[in-house]
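This report refers to the structure that appears directly beneath it.
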Amino acid sequence: MTYSIAAHDAETGELGVGVATHQPCVGAIVPWVEPGVGAVATQSFVNPSFGPQALALLRHGLDAPRALAAVLAADDRPEVRQVAIVDATGKSAVHTGEACIPYAGHRTGPGFSVQANMMLRPTVPDAMAEAFAAAQGPLALRILAALEAAEAEGGDIRGRQSAAIVVRRTASASDYRWNLRVDNDPEPLAKLRELAAIRLAGALEEEFEEAQSGSPEERLARARAAYAEARAIHPSDEQSFWYAVMALAPLGAEEEAAAVLAPLFERAPHWRELLHRLSFGGLEGLKARFPRDR
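If you read the sequence shown in this note's numbering, its first letter stands for residue -2, the second for the next number, and so on.
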């Protein structure tokens, strides 16, 4: 089975697709996402051209139902296809061809569509929809919750192999913080959750770096809160290093920064060398406190 979700977050404007299957590299062919335009999941005897075709139609003003009708009308085997489209307004449309391998089905809700074929049990779409609706937090994590709910219902009758999540918010070339793929693994969703935790921790730190307004005290409070949340999600030495040198020390909390760095430098001296290679301001005290190894 391939099971997927295409979704829109009305609050943030994010669009995303999550997918899992018993085939390698599913992230290369099923999910298609364009910020401000739409999200497409194309599966079941995949016609990969559905992705760019549907996005082009959405870009030119068609809504999800009309875009879906157009791509199916141009296809020579719509009866074996399964495809879902969610546009930038949250309107969704989905098609499950009558010749898709059973169990096959779909379900839509506000701002999302879930679909699956070759299911072990026909309960997968309902489980995905309920999990997505009940989940909290960023769109990527709600998408992951839907995928995990599908797997809990038995998932693909053939087993597991690959999974992916793509979420976009803006057209910026740098807006690829949620482009996660597990291309070949016996437990792809477990690996995907691990990647999501790492990415979420990094995203929290990036949000702090992007929000440099307010007094030094306010910025320091935001830095501490973002770091605490990031560490709770995914503890890592790398996060502690960048937190200390990009947030604490430049904002005057040198003692706190030193306390964060000392155990890291003890375990991994190469981070001390990196400190001395950084050229931005506010690090002079730390460099004096932790001299370069000779």
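Idealized CB from N, CA, C, for every residue including glycine.
Which partner residues of His92 appear in the DSSP bridge assignment?
-> Val80
Does the pairing of the stretch 256 to 264 with the stretch 227 to 245 give three or more beta-carbon distances under 8 Å?
-> At 8 Å Cβ cutoff, the stretches touch.
Distance, Glu270 Cα to Glu8 Cα = Glu8 and Glu270 have their C-alpha atoms roughly 43 Å apart.
Given Phe287 as reference, the closest of Phe277, Pro266 and Glu215 once Cα atoms are compared | Pro266
Answer with buried or exposed for Ser89, where buried requires no fewer than 16 other C-beta atoms within 10 angstroms of its C-beta.
-> buried
Tell me whether Pro28 sits in a helix, a strand or coil according to DSSP, three-state version.
-> strand
Give the C-beta separation of Val16 and Arg165 to the nearest angstrom, bearing in mind that I take them to be a contact with Cβ-Cβ under 8 Å.
-> Contact between Val16 and Arg165 does not hold, since the beta-carbon distance rounds to 15 Å and is not under 8 Å.
Spell out the partners DSSP gives Ile162 in its beta bridges.
-> Gly15 and Leu177
Could you check what DSSP says for Gln133 in three-state terms: helix, strand or coil?
-> coil
Quick one: using the 10 Å Cβ neighbour count with 16 as the cut-off for buried, is Gly278 buried or exposed?
-> exposed
Cβ contact check for the stretch 118 to 131 and the stretch 83 to 103: 3 or more pairs under 8 Å | These segments touch.
Cβ-Cβ separation, Gly13 to Val111 (assumed contact under 8 Å), whole Å | About 13 Å; that fails the 8 Å criterion.
Separation of Gln50 from Trp175, as counted between CA atoms | 23 Å
Could you check if Arg274 is buried or exposed, using at least 16 other CB atoms within 10 Å of its CB as the buried criterion?
-> exposed
With 16 other Cβ atoms within 10 Å as the buried cut-off, status of Glu148 = buried
Can you find a C-beta in chain D that's less than 8 Å from the C-beta of Pro107?
-> The structure shown contains no chain D; it is built from a single protein chain.
Per DSSP, what kind of secondary structure is His5 in: helix, strand or coil?
-> strand
Is His103 helix, strand or coil by DSSP?
-> strand
CB-CB length for His5 against Ala85, believed under 8 Å = 7 Å
Looking at C-alpha atoms only, which residue of Gln158, Leu261 and Leu245 is the closest neighbour of Gly282?
-> Leu245
From this set, Arg264, Ile230 and Pro213, which residue's C-alpha is nearest Pro247's C-alpha?
-> Pro213
Please report the Cβ distance between Ser41 and Val77, rounded to the nearest whole angstrom; I am assuming they are in contact, meaning their Cβ atoms lie under 8 Å.
-> 6 Å
Alpha carbon to alpha carbon, what distance is there between Gly151 and Ile2?
-> 17 Å
Out of Met(-2), His19 and Thr(-1), state which residue places its alpha-carbon closest to the alpha-carbon of Asp182.
-> His19
Selection from Leu54, Leu52, Phe47 and Pro107 that minimises the alpha carbon distance to Asp73 = Phe47
Does DSSP put Ser110 in a helix, in a strand, or in coil?
-> strand
Taking the C-alpha atoms as reference points, what is the distance between Val34 and Ala250?
-> One C-alpha to the other measures close to 43 Å.
Apart from the five residues just before and just after Leu177, which ones in its own chain have a Cβ nearer than 7 Å to its Cβ?
-> Ala161, Ile162, Leu189, Leu192, Ala193 and Arg196
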